[in-house]
Amino acid sequence: MVSNIYRERDKKRNPMPKFDSGLLLPELADFFEKSFRAQNQLSDYTLIESSPATLNGAKGLRVRYRYTLPNDELTRLGEARLAVVKGKLYVANFYAPKLHYFDSHLPEANNIMDTLKF
Amino acid sequence: MINLLKVLSVAFLLNLAQPVLAQERGAVRAGFSEEKLRGQKILLLRPSVWVGEQSTAGLPEPNADWTAQARELLIKELSRRQAEFSNELVNEPDLVGDDARAFSEHKALFNSVAGSVMTYQFFAGNRLPTRKNKPFEWTLGANAKRLAEVSGARYGLFVTINDQYGSFGRKLFQVFAAGMFGVGVKSGQHIGYAGLVDLETGDLVWLNADAEMGGDVRTGDGMQKRVSQLLEDFPGLKSGQAAAK
Amino acid sequence: MEMDEAERGFRDSPQILHDERLKTYLSGVLCKTVGFDRCGAARIYVVKDHRFNASMAPNGLMIVNTGLLARMHSEAELSTVLGHEFGHFELRHSLNRFRALRKGTDWLAWLGMAGAATGNDMTATQNAIILGFFSYNREQEKDADFLGAAYVRSSPYPLRASAVWKRLAEEDDATREERKLRKLKRATPGATDTHPTGAQRFAYFSQLEAEIGAQNGDDGQEQFREETSRILPDIFAGLVKGNDFAGADYVIRSRGDALGWDGLLLHTRAELYRLRGNPRDLITARQFYEKAITLPGAPPESWRGIGLTAMRTGDTENGKVALKEYLAKAPTSNDSAAIKMLLEN
């Protein structure tokens, strides 16, 4: 049974946060941030906004964030959608360089997230 | 209680190539030719340089002296070759504030895009199913226009070198791994990108990218070799100068 | 001139914490440490990085991690680290090293590192206890330690270096214990260690600190507390939202013990517990939040924390009251819409 967003490759050196189905909706943003930081070894991550959204008809959260990778000066943006359905967390995540790719592909990403079925 | 968690990842990978044989090193955008360059100014962006060591564990460790030395040699070598270019070269202006950030962000984006081209286009085996038959069409986006406005140049030449030399420990580990277990361990990494961008559109019109470049960038001779390799087939060189050493 | 390019990259990087007041403050501490005639050579940049590190390049570019600031307890402690890095700069080790290698003595340099193929356990935790992004050898690190200490001795600050190394060792122990990793024996450095061990540093700094007059002067603790409390969320974010609970808790606790607990620091600790979220953690976190709001400096997010932990542990009614209070205090917060939705259910 998986309980991390990202696979835990090295439990001792880089443990991944574990999902708890008791998390409240706004806390999904915190859980996402911790997971995304650990996966990408980030020191620089800023939550821009977390707001209500749906995923496959379920009530969930939309998280807009900004980050940079270690040793990289490129500012990146991301938008994730998260929802808990019957104790399971579903995450769809889109991230890209801010300068061009994020804005130009966000509509396509949103379209996929809007029509996602599971 | 154990909860099953499911992740649906939405990945966007852009513009992948037509089928070609394994691992190319360079490409030109369809519709671009030397003709288009005629009479245009080329902005020479200050190169991105990173030189360091690869630790025994394979982690990169920067070396300030090597980096400084390589940057100096690279700039010297590029200016030595100015006469070989058919176009007028414009140096990156000294800026502060938003314009300075625009330049550094575009350089970072170029590095990211060039890395993607190398990984997802030049290595034929890596092509993604949804983008299999796409031509060489990559862009930094329309914001690149700011670079044209600031510099007065139509095209921008981006140059990047990223070299990791195997540390003593890494080299020893390489020999050890091969001897004891017959495992091949890579020691060192020598990445070089040179790319020409149409600053009006942001489109990448020419790129040379390779993860196994030659020439020790810490020495003058090595840097000459490296720059020759970086500028190989560059459309803006006077004929016959392309691979001149 | 060419190194300035690296600096340009730094200046424009989104990973730099742009805070003029902080920069001015750090420059002031450096100047007091190494002397006003010397310190002009350094240009300080603060990098958003939760690890303990600082560095100075041959051109005077000085890098200070937010994670370093999080772990210091006074200007005197900070001065030993800045002095160490400035020591490297003055000794020009890195240039000497380059010249030595270029003279064809590479093999000699390598022979000095014989045995380098043995595994290096320092990478086991994210927080490798080192100083400097550029690699120097062990002797050079020691030289820089002593030169740094000499700067501090001739400065208005007392010498307070050993405590820094002691705490780093304790932090590392805490992390290792939680992750069930073997603790390090720190008495002697391994063959590949490029730095003296924490224990060695602790020993020689303790000796220097015991010398007559070494403890004279004001350690600038109050000033340090004030200047760093102002930007506490910036310097603790990476630690609190990282995955090293035990290490982060050690760092927060030791700051509180040394500098006192204000609302913001206690809130920071509460966040750490809430984010780990073991059943007991939620109760502990709520207690911390509730204490935090009685102290000066608690942010509106403390009410958010109370609300969330209360609801998680079944106290929905009080939870909603606290969340409403949060929205009233921070109506334009970046998650107000999500909180409102929680309140409506």
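Chains as they are written, first to last, in the numbering used here: chain A, 65 to 182; chain B, 284 to 528; chain C, 8 to 352.
Just so it is clear, CB atoms sit at the ideal spot from N, CA and C, and this is done for glycine as well.
### Message
Suppose you measure from the CA of E324/C to the CA of N352/C; what does that come to, to the nearest Å?
### Response
As a first step, residue 324/C is located in the third sequence; it is residue number 317 there, counting from the start. As a first step, residue 352/C is located in the third sequence; it is residue number 345 there, counting from the start. Going from the Cα of E324/C to the Cα of N352/C covers about 12 angstroms.
### Backbone CA spacing between F386/B and K298/C [nearest angstrom]
Here residue 386/B refers to the residue found at position 103 when the second sequence is read from its first residue. Here residue 298/C refers to the residue found at position 291 when the third sequence is read from its first residue. Distance between the alpha carbons of F386/B and K298/C: 48 angstroms.
### Message
So for L326/B, helix, strand or coil by DSSP?
### Response
In the second sequence, residue 326/B corresponds to position 43, counting from 1. Of the three classes helix, strand and coil, the one that applies to L326/B here is strand, per DSSP.
### Query
Does DSSP put V171/C in a helix, in a strand, or in coil?
Locating residue 171/C in the third sequence gives position 164, counting from the first residue. V171/C: helix per DSSP, three-state reduction.
#### Entry: Distance between D180/C and P203/C (C-alpha atoms, nearest Å)
On the third sequence, residue 203/C is found 196 positions in, with the first residue counted as 1. On the third sequence, residue 180/C is found 173 positions in, with the first residue counted as 1. P203/C and D180/C: Cα-Cα distance of roughly 17 angstroms.
### Query
Any idea what DSSP makes of V66/A, helix, strand or coil?
Residue 66/A sits at position 2 when you count from the first residue of the first sequence. Reduced to three states, the DSSP call for V66/A is coil.
### Query
Taking any Cβ of chain A, which residues in the region 403 to 430 of chain B have a Cβ under 9 angstroms from it, in chain order?
T422, L423, G424, A425, N426, A427
#### Entry: Length of the line joining the Cα atoms of D377/B and G205/C
Sequence index remark: in the second sequence, residue 377/B carries index 94 (1-based). Sequence index remark: in the third sequence, residue 205/C carries index 198 (1-based). In a straight line, the C-alpha of D377/B is about 43 angstroms away from that of G205/C.
### Query
Ordered along the chain, which non-local residues of its own chain (more than five positions away) have a Cβ less than 7 angstroms from that of N370/B?
Mapped onto the second sequence, residue 370/B falls at position 87. The answer, listed in chain order, is L320, Q323, K324, I325, G519.
#### Entry: Beta-ladder partner(s) of Q447/B, from DSSP
Start at 1 with the first residue of the second sequence, and residue 447/B comes out as number 164. Answer is G335/B, Q472/B, bridged to Q447/B.
### Message
Please classify E218/C as buried or exposed, where buried requires at least 16 neighbouring CB atoms within 10 angstroms.
### Response
Mapped onto the third sequence, residue 218/C falls at position 211. Counting Cβ neighbours within 10 Å, E218/C comes out exposed, since fewer than 16 surround it.
### Query
Where does S115/A fall in DSSP's three states?
As a working mapping, residue 115/A is identified with position 51 in the first sequence. S115/A: strand per DSSP, three-state reduction.
### Query
In three-state terms, what does DSSP make of A494/B?
In the second sequence, counting from the first residue as 1, residue 494/B sits at position 211. Note: A494/B maps to coil in three-state DSSP.
#### Entry: Cβ shell of K336/C (< 7 angstroms), same chain only, five flanking positions each side left out
Locating residue 336/C in the third sequence gives position 329, counting from the first residue. Taken in chain order, the residues that qualify are P307, W310.
### Query
Given that a residue counts as buried once 16 or more other Cβ atoms are within 10 Å of its Cβ, and exposed if not, what is P330/B?
Position 47 of the second sequence holds residue 330/B. Looking at its Cβ environment, which holds 16 or more other Cβ atoms inside 10 Å, P330/B is buried.
### Message
For a cutoff of 8 angstroms on Cβ pairs, would you count A391/B as touching chain A?
### Response
For the purposes of this step, residue 391/B is identified with residue 108 of the second sequence, where counting begins at 1. Chain A contact via Cβ: present.
### Message
Counting beta carbon pairs with one atom in the region 168 to 188 of chain C and one in the region 254 to 268 of chain C, are three or more of them shorter than 8 angstroms?
### Response
yes
### Task
Would you kindly work out how many angstroms separate the C-alpha atoms of M531/B and M177/A, rounded to a whole number?
Lying outside 284 to 528, the shown extent of chain B, residue 531/B is not represented and no answer is given.
### Task
Compare the C-beta of N341/C against all C-beta atoms of chain A and say whether one is closer than 8 angstroms.
Numbered from its first residue, the third sequence carries residue 341/C at position 334. Cβ-Cβ to chain A under 8 angstroms: yes for N341/C.
### Message
Going by C-alpha to C-alpha distance, which of Y164/C, I242/C, A210/C sits closest to E84/C?
### Response
Here residue 84/C is taken as the residue at index 77 of the third sequence, counted from 1. Out of Y164/C, I242/C, A210/C, Y164/C has the C-alpha closest to the C-alpha of E84/C.
### Query
Does the count of Cβ pairs from the region 101 to 113 of chain A and the region 123 to 136 of chain A closer than 8 angstroms reach three?
yes
### Cβ-based neighbour list, T40/C, same chain, cut-off 7 angstroms, excluding 5 preceding and 5 following
What you label residue 40/C is simply residue 33 of the third sequence in a count that begins at 1. The answer, listed in chain order, is S86, L89, G90, Y158, V159, S162, Y164.
#### Entry: Three-state secondary structure assigned by DSSP to E3/C
Because chain C is modelled from 8 through 352, residue 3/C falls outside the range shown and cannot be assessed.
### Message
Here's the rule I'm using: 16 or more other beta-carbon atoms within 10 Å means buried, otherwise exposed. How should L277/C be labelled?
### Response
Residue numbering aside, residue 277/C sits at position 270 when the third sequence is read from its first letter. In the sequence as displayed, the identity of residue 277/C is Ala instead of Leu. Result: buried.
#### Entry: Within-8 angstroms CB hit, D178/A to chain B
The count along the first sequence starts at 1 and reaches residue 178/A at position 114. False, the Cβ-Cβ gap to chain B never drops below 8 angstroms.
### Query
So with Cβ pairs under 8 angstroms, would you call S114/A a contact of chain C?
Position 50 of the first sequence, counted from the start, is the residue given in the question as residue 114/A. At least one chain C Cβ lies under 8 angstroms of S114/A.
### Query
Tell me which same chain residues have a C-beta within less than 6 angstroms of the C-beta of A147/A, skipping the five on either side of it?
Here residue 147/A is taken as the residue at index 83 of the first sequence, counted from 1. Only L119, A122, G124, Y154 meet the Cβ criterion.
### Query
Which residues, taken in chain order from the region 161 to 178 of chain A, show a beta carbon closer than 9 angstroms to some beta carbon of chain B?
P161, K162, L163, H164, Y165, D167, S168, H169, E172, A173, I176, M177
### Query
How many angstroms separate the CA atom of T301/C from the CA atom of E233/C?
Looking up residue 301/C in the third sequence gives position 294. Looking up residue 233/C in the third sequence gives position 226. Rounded to the nearest angstrom, the two C-alpha atoms are 19 angstroms apart.
### Query
Of all Cβ atoms in chain B, is any one closer than 8 angstroms to the Cβ of T139/A?
Translated into the one-based positions of the first sequence, residue 139/A becomes position 75. Judged by the 8 angstroms Cβ criterion, T139/A is in contact with chain B.
### Query
Between the Cα of L426/B and the Cα atoms of K162/A, R101/A, A173/A, which residue gives the shortest distance?
Within the second sequence, the letter at position 143 stands for residue 426/B. The question names Leu, yet the displayed sequence has Asn at residue 426/B. The shortest Cα separation from N426/B among K162/A, R101/A, A173/A belongs to K162/A.
### Task
With Y158/C as the anchor, note down where its alpha helix (DSSP H) starts and where it stops.
Walking along the third sequence from the start, residue 158/C turns up at place 151. Start and end: 145 to 160.
### Task
Verify the CB distance criterion: does D19/C have a CB-CB separation below 8 angstroms to chain B?
In the third sequence, residue 19/C corresponds to position 12, counting from 1. It does: the Cβ of D19/C has a partner Cβ on chain B nearer than 8 angstroms.
### Query
Who are M69/C's beta bridge partners in DSSP?
One-based indexing of the third sequence puts residue 69/C at position 62. The partner list for M69/C (beta bridge, DSSP) reads I51/C, M63/C.
### Query
Quick one, which residues of the region 38 to 71 of chain C are near chain E if we go by CB-CB under 7 angstroms, in chain order?
Given the protein chain composition of this structure (A, B and C), no chain E is represented.
### Query
Is A337/C helix, strand or coil when you go by DSSP?
Indexing the third sequence from 1 puts residue 337/C at position 330. Correct three-state label for A337/C: coil.
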